[in-house]
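Visitor:
In my numbering, the protein residues as written are 20 to 144.
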């Protein structure tokens with residue numbers, strides 16, 4: 020049985036590897052927070068140079084909307100693989116996935132709702 024921190028670290032590694040494999044690059048920073056049956060993953064520095072250029076050259080709302088649509092489609096296409104990563108780490112099946120990305124800050128948030136909270140051992144003090 021792992022501690023909450025060990026699960027969070029493994030999630031960071033797994034999601035970072037997923038981003039590299041499916042999106043073509045990993046985040047500059049990644050943090051995971053396990054809150055009961057919710058798993059929140061915050062990635063920063065995820066926009067590629069091409070995505071940043073696209074957002075800057077098109078009218079603000081058009082560039083933002085286009086980039087978000089592409090990212091949503093990419094996540095939906097690879098959703099089962101991403102959920103398998105999370106289930107493999109936590110031992111719990113995800114029942115929903117929520118995703119958003121900021122074209123201003125390059126921050127991406129992924130929230131998983133799990134069937135139940137993973138059982139974690141207490142950390143030693």
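C-beta atoms are modelled at their ideal positions from N, C-alpha and C, and glycine is treated no differently.
In whole angstroms, give me the CA-to-CA distance for residue 80 and residue 122.
Guide: Their Cα atoms are separated by approximately 10 Å.
Visitor: Mapping the DSSP letters down to three states, classify residue 76 as helix, strand or coil.
Guide: Note: residue 76 maps to helix in three-state DSSP.
Visitor: For residue 21, collect the residues of the same chain with a Cβ closer than 8 Å to its Cβ; drop the 5 residues on either side in sequence, then sort them by chain order.
Guide: Correct list, in chain order: 29, 139 and 140.
Visitor: Have a look at residue 70 and residue 90 and give me their C-alpha separation to the nearest angstrom.
Guide: Approximately 10 Å between the Cα atoms of the pair.
Visitor: Count the other CB atoms, across all protein chains shown, that sit within 10 Å of the CB of residue 128; report buried if there are 16 or more and exposed otherwise.
Guide: It counts as exposed.
Visitor: Identify which residue in 36, 105, 131 and 100 has its Cα closest to the Cα of residue 47.
Guide: The candidate whose alpha carbon is nearest that of residue 47 is 36.
Visitor: With burial defined as no fewer than 16 other Cβ atoms inside 10 Å of the residue's Cβ, what is the status of residue 51: buried or exposed?
Guide: It is buried - the Cβ of residue 51 has at least 16 other Cβ atoms within 10 Å.
Visitor: Count the other CB atoms within 10 Å of the CB of residue 134; is the residue buried (16 or more) or exposed (fewer)?
Guide: Exposed.
Visitor: Among the residues of its own chain, which have a CB less than 6 Å from the CB of residue 61, if the five just before and after it don't count?
Guide: Only 50 and 128 meet the Cβ criterion.
Visitor: Return the Cβ separation of residue 110 and residue 137 in integer angstroms, given the expectation that the two are a contact with Cβ distance under 8 Å.
Guide: Contact holds; Cβ gap of about 6 Å.
Visitor: State the Cα-Cα distance for the pair residue 68 and residue 85, rounded to the nearest angstrom.
Guide: Approximately 15 Å between the Cα atoms of the pair.
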